[in-house]
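Using my numbering, you'd call the opening residue of the sequence shown number 2 and step up by one each time.
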Amino acid sequence: MNSRAAGPPLAAMLRAAILLLAWRLATSVEMPKVKLNDGREMPALALGTYLGFNEQGIIHSENHQLRSVISQAIDVGYRHFDTAAIYGTEGEVGEGVAAKIKEGVRRSDIFVTTKLWNTHHKREQVAVALQQSLKASGLDYVDLYLMHWPMGFNDDYSVSKVDYMETWRGMEDAHKLGLVKSIGVSNFNQEQLGRLLNESRVHPSVLQIEVHPQLPQTSLVSYAQSRGLVVMGYSPFGAMVSRFGAPPPKKESVLKELAEKYGKSEAQIVLRWLVDRNIVPIPKTVNPKRLEENINIFDFKLEKDEIQRVNTLDTNTRFTLPSFWQNHPYYPFDKVDNPIPSPFV
Ligand SMILES: NC(=O)c1ccc[n+]([C@@H]2O[C@H](COP(=O)([O-])OP(=O)(O)OC[C@H]3O[C@@H](n4cnc5c(N)ncnc54)[C@H](OP(=O)(O)O)[C@@H]3O)[C@@H](O)[C@H]2O)c1
Ligand SMILES: *[C@@H]1O[C@H](CO)[C@@H](O)[C@H](O)[C@H]1NC(C)=O
Numbered sequence: 002m003n004s005r006a007a008g009p010p011l012a013a014m015l016r017a018a019i020l021l022l023a024w025r026l027a028t029s030v031e032m033p034k035v036k037l038n039d040g041r042e043m044p045a046l047a048l049g050t051y052l053g054f055n056e057q058g059i060i061h062s063e064n065h066q067l068r069s070v071i072s073q074a075i076d077v078g079y080r081h082f083d084t085a086a087i088y089g090t091e092g093e094v095g096e097g098v099a100a101k102i103k104e105g106v107r108r109s110d111i112f113v114t115t116k117l118w119n120t121h122h123k124r125e126q127v128a129v130a131l132q133q134s135l136k137a138s139g140l141d142y143v144d145l146y147l148m149h150w151p152m153g154f155n156d157d158y159s160v161s162k163v164d165y166m167e168t169w170r171g172m173e174d175a176h177k178l179g180l181v182k183s184i185g186v187s188n189f190n191q192e193q194l195g196r197l198l199n200e201s202r203v204h205p206s207v208l209q210i211e212v213h214p215q216l217p218q219t220s221l222v223s224y225a226q227s228r229g230l231v232v233m234g235y236s237p238f239g240a241m242v243s244r245f246g247a248p249p250p251k252k253e254s255v256l257k258e259l260a261e262k263y264g265k266s267e268a269q270i271v272l273r274w275l276v277d278r279n280i281v282p283i284p285k286t287v288n289p290k291r292l293e294e295n296i297n298i299f300d301f302k303l304e305k306d307e308i309q310r311v312n313t314l315d316t317n318t319r320f321t322l323p324s325f326w327q328n329h330p331y332y333p334f335d336k337v338d339n340p341i342p343s344p345f346v
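Here it is, written out as structure tokens:
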């Protein structure tokens, strides 16, 4: 084999590598960031990784499908992943991230959020639970650790009276140990958040709550933002997608009209409505096409009155409503007349 024979394949390989890089840059979205009250930055949109549940319990991905979704997501520009101990997806999130780190992505460019489950609310259980999450994901720290709910339970799911302020002391301990960079809460109501702000030593940086056109949460969002928290919005598609037990998907003419005006899909309009309210949306998808669709929202912006018009779709509908826990002293939502039976016992 002479040097002339080795030349063309090398040049071709180089050309292919450059083309691949150019294509990656052209197709991947530059992810904006929001500033947290502890000085750190968080990517402005997160990929949800909760796969839902059925009669058998929490749904797990088959053949490590989620792991490759995570890697693909990083390729198209996602930098933030939302998981939780209870989702059973921390492992695959970690594997997907690790695969890209092997290819040169830096850990510091990725933001991982995970959550403390309700059966680990005693102060001394918190750092231990976080260490289990780290072990499951293979990470040596997470960027954000959230208390999933203000309600604590014993292992048998009987009500534990442990105060969420005691749990918060455990969150502060984990923060001090360096296992997590930022701490926050999820599913707290305004009263609970107010007390937490009054009594915390390390202030919460984030409030994660359900937000979508049927539940815009304008008052809780402005309260949290006025107190310096970043709000993350879960279940962003609301009634647009079919959900277990909910009526069929809802078509809203406002969304259709805005989609036509901006040349975007209704899903993209809803995500942009959240971003324009300074809320970090957490859309979940495992579909490659929708993965790209949901991140392709940083090249347009809604007008103030258009944000208002989407707000008027409010029907006060919650899709995450664990009414089976409504007798807990720290239940955060309004009680209903016919609570559903608990899937946890
Ligand atoms: N803190 C909490 O208590 C809490 C509670 C609930 C959820 N969360 C977090 O928030 C994330 C998202 O919430 P979610 O899963 O309830 O709801 P979601 O993201 O609003 O909806 C997910 C559904 O929408 C579909 N979908 C995704 N993109 C779409 C698009 N562009 N057009 C049409 N359909 C689309 C998905 O199907 P495909 O996958 O087939 O695309 C899936 O069925 C969760 O994964 C979790 O990380 C947190
Ligand atoms: C927080 O503290 C202020 C000032 O002491 C008090 O007025 C307010 O009621 C407290 N809020 C909650 C929710 O405990």
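Built from N, CA and C at the ideal position, the CB exists for glycine as well.
Asked                                                                                                            : Found
Neighbour-count burial assignment, N3, 16 or more Cβ in a 10 Å radius                                            : Because the pLDDT at N3 is just 48, under 50, the model does not fix this residue reliably, and the value given afterwards should be weighed accordingly. The residue in question, N3, is exposed, as its Cβ has fewer than 16 Cβ neighbours within 10 Å.
Assigned exposure category for D83 - 16 Cβ within 10 Å defines buried                                            : buried
Cβ-Cβ separation, H204 to T168 (assumed contact under 8 Å), whole Å                                              : Going by Cβ atoms, the distance from T168 to H204 rounds to 15 Å, so no, they are not a contact pair.
Neighbourhood of Q226 by C-beta, 7 Å cutoff - its chain only, sequence neighbours within 5 removed               : V232 and N279
Check: G78 C-beta below 6 Å from any heavy atom of ligand 2                                                      : no
Ordered list of alpha helix (DSSP H) runs contained in the stretch 7 to 90, each at least 4 residues             : 66 to 77
Any non-hydrogen atom of ligand 2 within 6 Å of R202 CB                                                          : no
Boundaries of the alpha helix (DSSP H) in which K262 is found, first to last residue                             : S254 to Y263
Best match in M148, E253, T114 and G97 for proximity to N188 [C-alpha to C-alpha]                                : M148
Heavy atoms of ligand 3 versus C-beta positions, residues under 7 Å                                              : Among the ligands present in this structure, namely ligand 1 and ligand 2, ligand 3 is not found.
Where the beta strand (DSSP E) through L194 begins and ends                                                      : Counting along the chain, L194 falls outside any beta strand (DSSP E), though it belongs to the alpha helix (DSSP H) covering Q191 to E200.
Cβ-heavy atom distance, V207 to ligand 1, below 6 Å                                                              : no
Start-to-end residues for the alpha helix (DSSP H) that takes in M269                                            : Checking the displayed sequence, the identity of residue 269 turns out to be Gln instead of Met. E267 to D277 is the extent of the alpha helix (DSSP H) around Q269.
Close-in-space but distant-in-sequence residues of the same chain around N312 (CB under 7 Å, 5 per side omitted) : P217 and T219
Straight-line gap, E347 to R273 (C-alpha atoms, nearest Å)                                                       : Since the first residue of the chain shown is 2 and the last is 346, residue 347 is not available in this structure.
Pairwise C-alpha distance: D76 and V160                                                                          : 43 Å
Pairwise C-alpha distance: R228 and V337                                                                         : 30 Å
Assigned secondary structure, D110 (DSSP; H/G/I helix, E/B strand, else coil)                                    : helix
Through-space distance from R170 to A247, alpha-carbon basis                                                     : 38 Å
Contact check, K101 vs S138, beta carbons under 7 Å                                                              : no
Reference H65, options E96, E56, A45 and H81, closest by Cα                                                      : E96
Option in N317, L314 and I341 with minimal Cα separation from P323                                               : I341
Y331 beta carbon near ligand 1 (any heavy atom closer than 6 Å)                                                  : no
Run of the alpha helix (DSSP H) containing Y165, from where it starts to where it stops                          : Y165 to K177
Host alpha helix (DSSP H) of L216 (start-end)                                                                    : Counting along the chain, L216 falls outside any alpha helix (DSSP H), and DSSP gives it neither H nor E.
Cβ pair P282, P237 closer than 7 Å                                                                               : yes
D83 CB to nearest heavy atom of ligand 1 below 6 Å                                                               : yes
Strand pairing of V281, partner residues [DSSP]                                                                  : M233
With 16 other Cβ atoms within 10 Å as the buried cut-off, status of P249                                         : exposed
Candidates Q209, L275, I308 and V287, of which the one nearest E258 by Cα                                        : I308
Near ligand 1: V242 beta-carbon under 6 Å from a heavy atom                                                      : yes
Own chain partners of D335 with C-beta closer than 8 Å, once the 5 adjacent residues on each side are dropped    : none
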